[in-house]
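> So the protein sequences, as listed, match chains S and E. Mapped onto my numbering, the consecutive letters of the first sequence carry residue numbers 1 to 10. Mapped onto my numbering, the consecutive letters of the second sequence carry residue numbers 1 to 212. Backbone N, C-alpha and C define an ideal beta-carbon position, used for all residues, glycine too.
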Amino acid sequence: TQHTSIKDEL
Amino acid sequence: MNIFRLCGDMSHLAAIIILLLKMWKTRSVAGISGKSQILFATVFTARYLDLFTSFISIYNTCMKVFFIGTVYFTIYLIYMKFKATYDSNHDSFRVEFLIVPVGGLAFLVNHEFAPLEIIWTFSIYLESVAILPQLFMISKTGEAETITSHYLFALGSYRALYLCNWIYRYYAEGFFDLIAVVAGVVQTILYCDFFYLYITKVMKGKKISLPA
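1) For a contact defined as C-beta to C-beta under 8 angstroms, what are the partners of E112 of chain E on chain S?
2) State the Cα-Cα distance for the pair G103 of chain E and I119 of chain E, rounded to the nearest angstrom.
3) Along chain S, in chain order, which residues have C-beta atoms closer than 9 angstroms to that of E117 of chain E?
4) Can you find the residues in the same chain that come closer than 8 angstroms, C-beta to C-beta, to D9 of chain E, ignoring five residues on each side of it along the sequence?
5) Spell out whether any CB of chain S is found under 8 angstroms from the CB atom of S54 of chain E.
6) Given a cut-off of 8 angstroms on the beta-carbon distance, is the pair K22 of chain E and I208 of chain E in contact?
7) Should R47 of chain E be labelled buried (16 or more other beta-carbon atoms within 10 Å of its own) or exposed?
8) By alpha-carbon positions, which one of E:N2, E:A172, E:L105 ends up nearest to I124 of chain E?
9) Give me, in chain order, the residues of the same chain whose beta-carbon lies closer than 6 angstroms to that of T26 of chain E; leave out the 5 immediate sequence neighbours on both sides.
10) How would you call P211 of chain E, buried or exposed, if buried means at least 16 neighbouring beta carbons within 10 angstroms?
11) Give the interface partners of M63 of chain E over in chain S, defined as CB-CB distance under 9 angstroms, in chain order.
12) Is the Cβ-Cβ distance between Q37 of chain E and T61 of chain E less than 8 angstroms?
13) F175 of chain E by DSSP, collapsed to three states: which one?
14) Could you tell me the boundaries of the alpha helix (DSSP H) in which N60 of chain E lies?
15) Closer than 8 angstroms by beta-carbon distance: list the chain S residues that pair up with N60 of chain E, in chain order.
16) If we ignore side chains and look at the alpha-carbon of each, how far apart do A183 of chain E and K83 of chain E end up?
17) Assuming contact is defined by CB atoms lying nearer than 8 angstroms, are D87 of chain E and A15 of chain E in contact in what I supplied?
18) Got a sec: which bits of the region 115 to 139 of chain E sit with their beta carbon under 8 angstroms from any beta carbon on chain S, in order along the chain?
19) Hey, could you find the ends of the alpha helix (DSSP H) T121 of chain E is sitting in?
20) Under three-state DSSP, which class holds T1 of chain S?
21) By how many angstroms is the C-alpha of G174 of chain E removed from the C-alpha of L190 of chain E?
22) From D177 of chain E to F107 of chain E, what does the alpha carbon distance come to, in whole angstroms?
23) Which one or two residues does DSSP pair with S209 of chain E in a beta bridge?
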């Protein structure tokens with residue numbers, strides 16, 4: 001599983 | 001983008017438009033908590049600072065700009081244009097009791113101790129409780145106009161749909177953001193009582209009125 005620092009959600 | 005995420009975003013968009021239409025058509029902000037709207041403005045401003053640092057999509061940028069623009073316009077309507085109809089006596093929730101603990105928690109529990117990441121985390125935590133002044137106001141006045149109920153239902157549904165989106169993304173993409181998920185669960189739980197009233201009353205054509 002990953003957590004992204006670029007937030008693609010609102 | 002999946003169907004849950006899209007429905008969630010559309011629900012959020014609908015909530016904002018319903019609120020603006022209610023205020024504009026009735027020329028009144030009665031029953032609306034200005035404090036909740038200030039908290040939402042803080043949430044959007046803090047979270048969407050990444051407009052300046054990363055581009056994701058036209059859709060993403062447009063939605064962010066729309067959310068920020070409309071929430072400040074809403075605040076203008078409440079505190080300036082329709083100020084005379086604003087029920088400040090009943091909007092008495094102490095927001096510092098939310099901001100201070102949420103700020104502290106964002107410092108302590110985050111994915112990375114970096115300014116933008118802490119500000120993003122703060123916005124996620126704050127959003128989960130930002131509706132409390134509005135719910136508090138309804139419990140104080142003991143009633144909510146039907147249009148206000150529609151607004152709250154759309155706003156609450158948005159995060160519930162995001163929960164479905166995160167479950168989908170976990171299985172489809174291995175995407176998992178514990179902070180967003182826990183805050184999203186808290187946010188959705190806060191609406192449960194209201195959802196119950198909405199389904200049992202508003203959907204049957206009655207307005208929400210609480211026993212004194």
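Considering the structure as presented:
1) Correct list: S5.
2) C-alpha separation (whole angstroms): 9 angstroms.
3) In chain order, S5 make up the part of chain S whose C-beta sits under 9 angstroms from the C-beta of E117 of chain E.
4) Closer than 8 angstroms at the Cβ level, and outside the excluded window around D9 of chain E, lie M63, Y158.
5) Interface residue (Cβ-Cβ distance to chain S less than 8 angstroms): S54 of chain E is classified as such.
6) Taking 8 angstroms as the cut-off, the Cβ atoms of K22 of chain E and I208 of chain E do not count as close.
7) It counts as buried.
8) Looking at the Cα atoms, E:L105 is the closest of the given residues.
9) Answer for T26 of chain E: no residue qualifies.
10) Residue environment: P211 of chain E is assigned as exposed (fewer than 16 neighbouring CB atoms within 10 Å of its CB, all protein chains considered).
11) What M63 of chain E touches in chain S: L10.
12) Annotated as distal: Q37 of chain E and T61 of chain E, with beta-carbon spacing of 8 angstroms or more.
13) The answer is strand: DSSP assigns F175 of chain E an E or B state.
14) 58 to 76 is the extent of the alpha helix (DSSP H) around N60 of chain E.
15) Within 8 angstroms Cβ-Cβ: D8, L10.
16) Between the alpha carbons of A183 of chain E and K83 of chain E lies a distance of about 32 angstroms.
17) No. Outside cutoff.
18) Those residues of the region 115 to 139 of chain E that come within reach of chain S (Cβ to Cβ, closer than 8 angstroms) are E117, W120.
19) 115 to 129 is the extent of the alpha helix (DSSP H) around T121 of chain E.
20) No answer about T1 of chain S holds up, because its pLDDT of 46 lies below 50 and its placement is not dependable.
21) C-alpha separation (whole angstroms): 28 angstroms.
22) Taking the straight line from one Cα to the other gives about 17 angstroms.
23) E:E143.
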